[in-house]
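Here our numbering is used: the first residue of the sequence shown is 2, the next is one more, and so on. Even for Gly, the Cβ is constructed at its ideal location relative to N, Cα and C. Treat the numbers as computed from the prediction; the structure is a model and nothing was measured. Below is one structure; the comments refer to it alone.
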Amino acid sequence: MKHRRVLRAAVTIAVTGALATGMTMVLTTGASAGTTLGAAAAEKGRYFGAAVAVNKLSTSAYTTILNREFNSVVAENEMKWASNEPQQGVFNHSSGDRLVSHAQANGMSVRGHTLLWHAQQPGWAQGMSGSALRNAAINHVTQVASHYRGKIHSWDVVNEAFADGGSGGRRDSNLQRTGNDWIEAAFRAARAADPGAKLCYNDYNTDGINAKSTGIYNMVRDFKSRGVPIDCVGFQSHLGTSLASDYQANLQRFADLGVDVQITELDVMTGGNQANIFGAVTRACLAVSRCTGITTWGVRDCDSWRGSDNALLFDCNGNKKAAYTNVLNALNAGPGIPTTPPTTTPPPTDPPPTTPPPTTGGCSASVSLNSWNGGFVASVKVTAGSAGTNGWNVSVTLPSGASVTNTWSATASGSSGTVRFASVDYNSRLTAGQVAEFGFQGTGSGAGMTPTCTAS
Ligand code: XIL
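The structure is reproduced here in structure tokens:
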């Protein structure tokens, strides 16, 4: 708490200074790198949250990590319709209230999840249809959003209302069958009940530009044009072993409609790419100024709904994983949210640099090794030069007897002698100074490798 207050004060002073001088300013405090996810995100004007199973708040191993690392929470199940309106008109907010109290006592913001969804409905609603269901649904939105009025940062007003596959249309559900306008009716009811909460539409399989995300994009554009109150779009981001190359571009196109975007349920399949994907998602969010926060769907691997996928940032013993380090580093390296629009102040009068910047920047690579007797894992950082990259290649000459057995986030040609690693679709394009990471595992000794990087 104390730490957060100090940060907020420092940021306020910096912003005031920037406004006074009419400069565009970016919230990169620079002086201190955040040492926890929440602090690092806060320095960049964002939150970093976790989905919480409320009954685990009494497990100290769990709560220790939650309180140390996260500054936002969302109830994994306890604010869903089946949980808080088990009988029609009979509301039970005890678990949700417990989470809100915990958040308030620890300086965390709260995401509300979710007012309406086709899944996890109470039995009584599952059996309803037509205007009876519509009325019950809108009453649910009104009652729940009113109960939490003033306490919720962002509500997932509607969850998962679009169909998978190529149609780009709505998912069939009892709610959808009450009429296509059920979503906007829900948003209007939520706004009336809690005017201070940001109102989000939330969905999955929207991790790039595809038929489903485009269907949602068109709905948001339509809502904005007609004044339907929508403030944000949540991208669940339950991810597998690769990340769409247009993940960031997709976030940006929504932001360009005038809504915030949030990564709301992030978890990633375990395996060689996990840490890289977590890092790439974090960088994508930070590169989009309207991406206001990231939530992982749980705390430790064993808390995750994805079972043996080991999909989170902490292992079952609460240890930080490589994915954690990538996220923290990405948060600390990323840009802050611009706090003022570009201004018309005259250009700086500093003399031009005496040595012009190079016209082609190439790239550089460095390797760090984790070795054991008979094997190693090499982590390679590729840094784009001043021209950025459309693609890159890193060549590494292995010591004799060593060979590559496994590669992630790059494509290897050859396995011994000089091995060439080429960028893959999601990390080819780097802006000047941007860093991509890939890795490989080998047998033998990896000592003394010197990578060389070429950019295209
Ligand atoms: C999941 C919870 O994690 C599980 O505990 C529960 O059994 C099912 O729901 N998309 C969502 C979340 O919006 O609410 C889901 O949460 C995961 C997928």
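With DSSP as the reference, label residue 89 as helix, strand or coil.
Residue state, collapsed to three classes: coil.
Contact under 7 angstroms by Cβ, residue 452 with residue 395:
Contact: yes.
At which residues does the beta strand (DSSP E) containing residue 203 begin and terminate?
Residue range 199–204 is occupied by the beta strand (DSSP E) that includes residue 203.
Can you tell me whether residue 59 is helix, strand or coil according to DSSP?
In the three-state DSSP reduction, residue 59 falls in the helix class (H, G or I).
Going by DSSP, what residue range makes up the beta strand (DSSP E) through residue 114?
Start and end: 110–118.
Quick check: residue 94 and residue 154, are their CB atoms within less than 7 angstroms of each other?
No; because the gap between Cβ atoms is not below 7 angstroms, this pair is not in contact.
Quick check on this structure: which residue in 399, 253, 181, 204 has the alpha carbon closest to the alpha carbon of residue 237?
Among 399, 253, 181, 204, the Cα nearest to that of residue 237 is on 204.
When the Cβ atoms of the stretch 196–214 are set against those of the stretch 244–251, are three or more pairs found closer than 8 angstroms?
Cβ pair count under 8 angstroms is three or more, so yes.
Is the beta carbon of residue 50 sitting closer than 7 angstroms to the one on residue 296?
Taking 7 angstroms as the Cβ cut-off, residue 50 and residue 296 qualify as a contacting pair.
Taking only three categories from DSSP, how would you classify residue 393?
Three-state DSSP puts residue 393 in a strand.
Spatial neighbours of residue 370 within its chain, please: C-beta separation below 6 angstroms, excluding the five flanking residues on both sides.
Cβ neighbours of residue 370 beyond the five flanking positions: 377, 379, 447.
Is the beta carbon of residue 365 less than 7 angstroms from the beta carbon of residue 392?
The answer is no: Cβ separation not under 7 angstroms.
With 16 as the cutoff for other CB atoms within 10 Å, does residue 289 come out buried or exposed?
Buried.
Determine the closest residue to residue 330 out of 382, 132, 312, with distance taken between C-alpha atoms.
Taking residue 330 as reference, the option from 382, 132, 312 with the minimal CA-CA separation is 382.
Start and end of the beta strand (DSSP E) containing residue 48?
Counted as a single uninterrupted DSSP element, the beta strand (DSSP E) harbouring residue 48 occupies residues 48–53.
Curious, which full-length alpha helix (DSSP H) runs of at least 4 residues does the stretch 210–237 contain?
Contiguous alpha helix (DSSP H) elements confined to the stretch 210–237 occur at 212–227, taking only those with 4 or more residues.
Just to check my reading of the structure: residue 262 and residue 234 have Cβ atoms closer than 8 angstroms, yes? What is that Cβ distance to the nearest angstrom?
Contact flag correct, Cβ pair sits at about 5 angstroms.
Below 8 angstroms on the Cβ atoms is my guess for residue 103 versus residue 176; work out the distance and round it to an integer in Å.
In fact, because the Cβ distance is near 31 angstroms, the residues do not count as touching under 8 angstroms.
From 183, 435, 414, residue whose alpha carbon lies closest to that of residue 159:
Nearest option by C-alpha distance: 183.
N-terminal and C-terminal residue of the beta strand (DSSP E) that residue 294 is part of
Judged by DSSP secondary structure, residue 294 falls within the beta strand (DSSP E) whose first and last residues are 292–297.
Contacting residues, own chain, Cβ-Cβ under 6 angstroms from residue 99 (five flanking each side not counted)
By the criterion of a C-beta distance shorter than 6 angstroms, residue 99 is surrounded in its chain by 55, once the five residues flanking it on both sides are discounted.
Under a three-way DSSP split, which group does residue 315 fall into?
In this structure, residue 315 counts as strand in the three-state DSSP scheme.
Closest to residue 196 by CA distance: which of 151, 228, 424 is it?
If you compare the alpha carbons of 151, 228, 424 with that of residue 196, the shortest gap goes to 151.
Would you say residue 56 touches ligand 1, meaning its beta carbon is less than 6 angstroms from a heavy atom?
Within 6 angstroms of the C-beta of residue 56 there is not a single heavy atom belonging to ligand 1.
Spatial neighbours of residue 92 within its chain, please: CB distance less than 8 angstroms, with the 5 preceding and 5 following residues excluded, ordered by chain position.
The beta carbon of residue 92 lies closer than 8 angstroms to those of 85, 86, 144, 145, 148 in the same chain, with the five residues before and after it left out.
Could you tell me which residues DSSP pairs with residue 338 in its beta bridges?
None; residue 338 has no bridge partner.
Per DSSP, what kind of secondary structure is residue 263 in: helix, strand or coil?
DSSP places residue 263 within a strand segment (E or B) once states are collapsed to three.
Hey, residue 324 and residue 281 are a contact pair by Cβ (cut 8 angstroms); roughly how many whole angstroms apart?
Not quite, the Cβ-Cβ distance comes to about 11 angstroms (not below 8 angstroms), so this is no contact.
Between residue 79 and ligand 1, is there a pair consisting of the residue's CB and a ligand heavy atom that are separated by less than 6 angstroms?
Every heavy atom of ligand 1 is 6 angstroms or more from the Cβ of residue 79, so no.
Any idea which residues DSSP pairs residue 136 with across the strands?
DSSP, once it has assigned bridges, lists no residue as partnering residue 136.
Please return the same chain residues whose Cβ sits closer than 8 angstroms to the Cβ of residue 170, not counting the five positions on each side in sequence.
Cβ neighbours of residue 170 beyond the five flanking positions: 163, 164, 216.
According to DSSP, is residue 19 helix, strand or coil?
Note on residue 19: pLDDT 37, under 50, position unreliable in the model; the coordinate value appears next. Three-state result, residue 19: helix.
State the CB to CB distance for the pair residue 161 and residue 119, rounded to an integer number of angstroms; the pair is presumed to be in contact (CB under 8 angstroms).
Between residue 119 and residue 161 the Cβ distance is about 7 angstroms, and since that is below 8 angstroms, they are a contact.
Go through its chain and collect everything with a Cβ distance to residue 367's Cβ below 6 angstroms, but skip five positions before and after it.
Answer for residue 367: 382, listed in chain order.
Return the residue from the list 178, 131, 291 that minimises the CA-CA distance to residue 1.
This structure does not reach residue 1, given that the chain is present from 2 up to 457, and the question cannot be answered.
Sheet register partners of residue 431 (DSSP bridge)
Paired residues: 390.
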